[in-house]
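Heads up, the thing below is written out as structure tokens.
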Amino acid sequence: VLLSSPVQPGTTITDAGRMANSASLEANPDPERAEDSESVGKFQQSLDRALELIRDDLCEWLSQLLELSTPIDPENYLDYLENGVLLCRLMQKMQSAAGQSPRRCHQSARAGSFLARDNISVFLTWCRSDQRLDDVLLFETSGLVERREERNLVLTLLQLARACPNLGLPAPQIVRLEREIDGLSTSTSTSGAVAAATPTMIELSAASTSSEASNDEFGACASAGSGYVRQRSSSAGDICDGSVGSAPT
């Protein structure tokens, strides 16, 4: 390998050794490593698909709950949320349902402005103090403004959606299915039978090519999403740890 890979002037012995080792790995790839890499890729695809389905359902739910004349487009949902106005309207809706005085926000805030950041900050403060959401689930103000914490934004909305039925507010489809799954698990456990283990994310979230999610897909995401968020609530560890299944190491 060293003879077939010319070494540039100034290359150290260590560098040459690394080059030889790299070339050797390319010439003789490790089957186990290749298989692990493929498994990790499939796991990530399944996870991305699950979060995509959750996002789409939450966008439809939020559009109906806030009675928006123009429904939120899931593909561009950050355009609708980045000024914090809709987030504050969700907060106000839940506060009113709980018998609290809704907090005011800047309805005319422009995305990226100080007023938009203030809206988002007010919303996040309410999530922490009133809804008791863990910081590990929440996004940061700059995370939304700079569009670099989309996953945490989806998880925050999902947690709030779970609280809505307790306030008499409608819940998205995925939350309704979650409750059905939890009810079935409880019923199975109390009957004396052994409850089935929660399937892994990979088993549940096989990627679908359809543009609309089927009930089976939503049921999968309900179980997988629930396990993922509960794990993230209890630990700031990697997403691959916990009840949704572990990616190969």
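For the sequence shown, this note's numbering gives the first residue as 1, with consecutive numbering after it. For every residue, glycine included, the Cβ atom is placed at its ideal position computed from N, Cα and C.
- With 16 or more other Cβ atoms from the protein chains shown falling within 10 Å of its own Cβ, Asp57 counts as buried.
- Judged by DSSP in its simplified three-state form, Cys105 adopts coil rather than helix or strand.
- With respect to Thr125, Phe139 sits apart: the two C-beta atoms are not nearer than 8 Å.
- Taken through DSSP and simplified to helix, strand or coil, Phe123 comes out as helix.
- By the neighbour-count criterion, in which a residue is buried when 16 or more other Cβ atoms sit within 10 angstroms of its Cβ, Glu178 is buried.
- For Val85, the enclosing alpha helix (DSSP H) covers residues Val85 to Ala97.
- Proximity to Val136 across Ser63, Val122 and Arg151 peaks at Arg151, based on C-alpha coordinates.
- For Ser142, the enclosing alpha helix (DSSP H) begins and ends at Thr141 to Val145.
- For Gln100, no alpha helix (DSSP H) segment is defined, and its DSSP state is neither H nor E.
- In the three-state reduction of the DSSP assignment, Ile72 falls in the coil class, being assigned neither a helical nor a strand state.
- The straight-line gap separating the alpha-carbon atoms of Val175 and Gln131 is approximately 17 Å.
- Counting C-beta atoms within 10 angstroms of its own C-beta, Asn119 has 16 or more neighbours from the protein chains shown and is therefore classed as buried.
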